[in-house]
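Residue numbers (this note's numbering): 46 to 648.
Below you can see the structure in the form of structure tokens.
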């Protein structure tokens with residue numbers, strides 16, 4: 046077959062054009078890539094601590110809405126004050142019930158105390174008087190069973206008819222629908238030893254213990270051991286927590302849920318951010334080679350680029366989560382370590398840009414002395430200045446780095462270090478008292494909420510509580526476990542399956558309710574959350590929300606009672622579950638129209 050001269054010219058021109066377009070696209074991609082420039086280095090909204098509504102502005106000695114009875118033995122008061130800060134409630138702390146009653150504010154609507162402080166009849170008399178005034182009471186723990194049994198007044202206040210067993214071991218627990226976000230949940234492994242009370246008629250149970258062989262013992266569901274309940278006492282509601290469930294931030298969601306139960310509607314601000322943070326990943330070095338090659342037949346660097354990175358992106362793509370990675374240049378910093386490859390750094394930066402993720406820095410390393418961490422900062426600074434000099438790091442996960450080390454560098458432009466531009470800390474939850482707070486006037490601290498490789502019953506209850514109180518989740522995925530395994534449980538094949546399974550199941554309901562964000566955008570939303578103040582009032586079927594100190598937008602949760610939203614101005618709404626909505630506010634004045642929704646169970 047012969048080709049005419051004219052056809053040959055046409056084919057040649059087309060091939061040349063195609064070749065040019067491919068070459069041009071490659072050149073264009075190289076010039077337009079912003080992988081080594083942090084798009085979040087200059088946040089669109091900059092809010093500092095001094096412009097937010099923090100605890101020091103809410104503590105009020107004369108006109109407070111919430112009274113807290115503090116005792117050095119019980120640490121709940123720290124979390125209660127944190128809850129008041131998040132919900133913008135004015136509060137005052139008292140050392141005992143007597144001092145509170147002597148200086149009772151007319152604005153006081155809520156008293157929160159640990160019942161273990163209640164030991165005498167005069168304290169019980171004070172509580173009865175407080176409840177008769179219409180002040181709601183929350184017991185974060187109950188008085189000793191002997192004290193309850195010895196006082197008819199206290200039993201009546203708490204809604205207890207009699208004690209079945211002073212020390213009963215539950216076989217698990219059931220969290221009923223409508224208390225915390227996420228629906229009903231049975232916890233088969235959450236077993237506690239609690240007093241087994243029989244409650245009076247009219248009390249409302251939110252959580253109960255389960256009993257082994259319940260059917261054989263012919264015990265009705267309504268007679269299961271109460272763990273959390275509400276009693277109506279004259280002009281107030283009295284809430285009781287009959288367990289040691291409030292020793293951590295689980296209390297935050299309980300308080301929000303309980304206060305919501307005191308009226309037909311309740312509206313409160315939330316962060317509205319769900320983040321997944323990979324700590325010590327990307328990993329750049331080639332340490333622990335012998336163990337890694339024996340287990341995976343890869344060198345560490347190749348394992349992370351060729352196996353783990355594709356797995357991570359596949360998992361996040363399936364769940365639509367956003368990637369935030371905390372780079373670990375090295376973890377041992379040995380003198381004879383393999384040099385870090387620029388190709389590896391370029392690979393991770395370009396791949397992160399491709400999936401619209403972001404990168405920060407990890408402070409973790411295998412070290413015992415503070416001087417080792419000082420040297421790590423210096424070496425990391427040199428490395429990043431050499432290979433990615435234009436990238437400004439804004440996020441830092443200290444890990445096991447002592448505070449006295451990184452405190453000397455973060456946010457300090459006078460010290461030319463890789464940490465000088467940091468404005469967000471991502472902290473282990475065990476190393477911070479508050480989940481979300483300002484580390485200083487400029488730097489915000491966000492706490493991890495759960496381990497991405499683990500999900501126990503206790504962790505699930507904690508997660509639901511934080512989601513209820515804050516609309517916030519920060520899942521920590523620490524990849525150091527893969528590089529330095531301590532058992533076969535640290536095998537990446539097993540860990541990746543757990544991570545994928547957990548993200549696809551436990552967070553499914555919250556993805557419909559709240560937005561998935563990287564840490565930089567979580568930071569912005571948390572600052573908006575801490576700065577905003579609000580007032581809510583209702584007239585007939587219209588709820589009016591007035592917002593002050595609004596920076597761009599803010600998110601709220603609205604709890605209704607067998608009602609639904611029919612219209613909104615000044616914002617938008619998203620249904621979370623029955624009776625609960627997320628409101629996104631874009632205007633200082635929001636009007637929400639509601640109507641009855643009595644037929645919801647038939648839908």
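Yeah, the Cβ is synthetic: ideal placement off N, Cα and C, and Gly gets one too.
As the structure is a computational prediction, the values presented were derived from the model and not from experiment.
Report task. Taking only runs that begin and end inside the segment 448-487, name each unbroken beta strand (DSSP E) of 3 or more residues, in chain order. Result -> Entirely contained in the segment 448-487, the beta strand (DSSP E) runs reaching 3 residues are, in chain order, 469-472, 481-483.
Query raised in the report: Cβ of residue 96 within 9 Å of Cβ of residue 178?
Result: At the C-beta level, residue 96 and residue 178 stay beyond 9 Å of one another.
Requested in this report: For residue 632, collect the residues of the same chain with a Cβ closer than 6 Å to its Cβ; drop the 5 residues on either side in sequence, then sort them by chain order.
Outcome: Excluding positions up to five away in sequence, the list reads 615.
**Report entry** Bounding residues of the beta strand (DSSP E) (the contiguous stretch that carries residue 298)
**Finding:** Premise fails: residue 298 lies in the alpha helix (DSSP H), 295-305, not in any beta strand (DSSP E).
Query raised in the report: According to the Cβ coordinates, are residue 137 and residue 106 closer than 9 Å?
Result: Going by C-beta atoms, residue 137 is nearer than 9 Å to residue 106.
Query - Close beta carbons around residue 503, own chain, < 7 Å, minus the five adjacent residues each side - result: Answer for residue 503: 235, listed in chain order.
Requested in this report: Verify whether the separation of the beta carbon atoms of residue 409 and residue 521 is less than 9 Å.
Outcome: Their beta carbons are not under 9 Å apart, which means residue 409 does not touch residue 521 by this criterion.
Requested in this report: Quick one: residues in its chain with C-beta nearer than 6 Å to the C-beta of residue 575, no 5 flanking neighbours on either side, listed in chain order?
Outcome: Closer than 6 Å at Cβ, skipping near neighbours: 97.
Query - Local conformation of residue 429 per DSSP, three classes - result: Correct three-state label for residue 429: helix.
Query - Nonlocal neighbours in the same chain, by C-beta distance under 6 Å from residue 588, ignoring five residues either side - result: Closer than 6 Å at Cβ, skipping near neighbours: 637.
Query - Inside the segment 100-133 only - beta strand (DSSP E) runs reaching at least 3 residues - result: The beta strand (DSSP E) runs of length 3 or more contained entirely in the segment 100-133 are, from start to end of the chain, 111-114.
Query raised in the report: In its own chain, which residues sit with a C-beta less than 6 Å from the C-beta of residue 508, not counting the 5 before and 5 after it?
Result: Cβ neighbours of residue 508 within its own chain (closer than 6 Å, five residues either side excluded): 495.
Requested in this report: Less than 8 Å between the CB atoms is what I'm expecting for residue 439 and residue 86, so what's the real figure, rounded?
Outcome: About 6 Å; that satisfies the 8 Å criterion.
Query - Cα-Cα separation between residue 374 and residue 79, rounded to whole angstroms - result: Cα to Cα, the separation comes out at about 21 Å.
Query raised in the report: Considering only residues of the same chain and omitting the five flanking positions on each side of residue 641, which have a CB-CB separation below 7 Å?
Result: For residue 641, where only same-chain residues beyond five positions count, the Cβ hits under 7 Å are 607, 608.
Query - Unbroken stretches of the alpha helix (DSSP H), 4 residues or longer, contained in the segment 472-559 - result: The segment 472-559 is shown to contain whole alpha helix (DSSP H) runs of 4 or more residues at 502-515, 525-528, 537-550, 553-558, in chain order.
**Report entry** Terminal residues of the beta strand (DSSP E) in which residue 276 lies
**Finding:** Per DSSP, residue 276 belongs to the beta strand (DSSP E) from 271-278.
Query raised in the report: Where does residue 223 fall in DSSP's three states?
Result: Secondary structure of residue 223 (DSSP, three-state): coil.
Query raised in the report: In three-state terms, what does DSSP make of residue 151?
Result: Secondary structure at residue 151: coil, using DSSP grouped into helix, strand and coil.
Query - Length of the line joining the Cα atoms of residue 461 and residue 400 - result: Using only the alpha carbons, I get a separation of about 30 Å.
Query raised in the report: For the 8 Å Cβ check, are there 3 or more pairs between the segment 247-256 and the segment 201-215?
Result: Yes: the two stretches touch, three or more of their Cβ pairs being nearer than 8 Å.
Query raised in the report: Which whole-angstrom value is the C-beta distance of residue 564 and residue 481, which I expect to be below 8 Å?
Result: A Cβ-Cβ separation of about 12 Å leaves residue 564 out of contact with residue 481 under the 8 Å criterion.
Requested in this report: On a CA-only basis, which of 109, 501, 552 is nearest residue 139? Give me that one, please.
Outcome: When each option's Cα is compared against that of residue 139, the closest is 109.
Query raised in the report: Over what stretch of residues does the beta strand (DSSP E) that includes residue 614 continue unbroken?
Result: DSSP places residue 614 in the uninterrupted beta strand (DSSP E) bounded by 608-614.
**Report entry** Backbone secondary structure at residue 378 - three-state DSSP
**Finding:** Correct three-state label for residue 378: coil.
Query raised in the report: Taking only runs of the beta strand (DSSP E) that begin and end inside the segment 389-414, which ones reach a length of at least 3 residues, in chain order?
Result: Counting only runs of 3 or more, we get 403-407.
Query raised in the report: Opposite residue 285 in the DSSP bridges: which residues?
Result: DSSP lists 184, 274 as partners of residue 285.
Query raised in the report: What did DSSP end up calling residue 160 once you bin it into helix, strand or coil?
Result: Helix.
Query raised in the report: So residue 320 is in the beta strand (DSSP E); what residue range does that whole segment cover?
Result: Start and end: 318-324.
Requested in this report: Would you list the residues sitting across from residue 590 in a DSSP beta bridge?
Outcome: Within the DSSP secondary-structure output, residue 590 pairs in a beta bridge with 581, 635.
Query - Candidates 198, 170, 210: closest to residue 271 by CA position - result: When only C-alpha atoms are compared, the closest one is 210.
Query raised in the report: How many angstroms separate the CA atom of residue 618 from the CA atom of residue 489?
Result: Distance from the CA atom of residue 618 to the CA atom of residue 489, rounded to whole angstroms, is 28 Å.
Query raised in the report: Tell me which same chain residues have a C-beta within less than 6 Å of the C-beta of residue 643, skipping the five on either side of it?
Result: So the qualifying residues of the chain are 607.
Report task. Measure the C-alpha to C-alpha separation of residue 477 and residue 601 and round it to an integer number of angstroms. Result -> Cα atoms of residue 477 and residue 601: separation of roughly 25 Å, rounded to the nearest angstrom.
Query raised in the report: Any idea what DSSP makes of residue 603, helix, strand or coil?
Result: Residue 603: strand per DSSP, three-state reduction.
Query raised in the report: Ends of the beta strand (DSSP E) at residue 212?
Result: For residue 212, the enclosing beta strand (DSSP E) stretches over residues 205-214.
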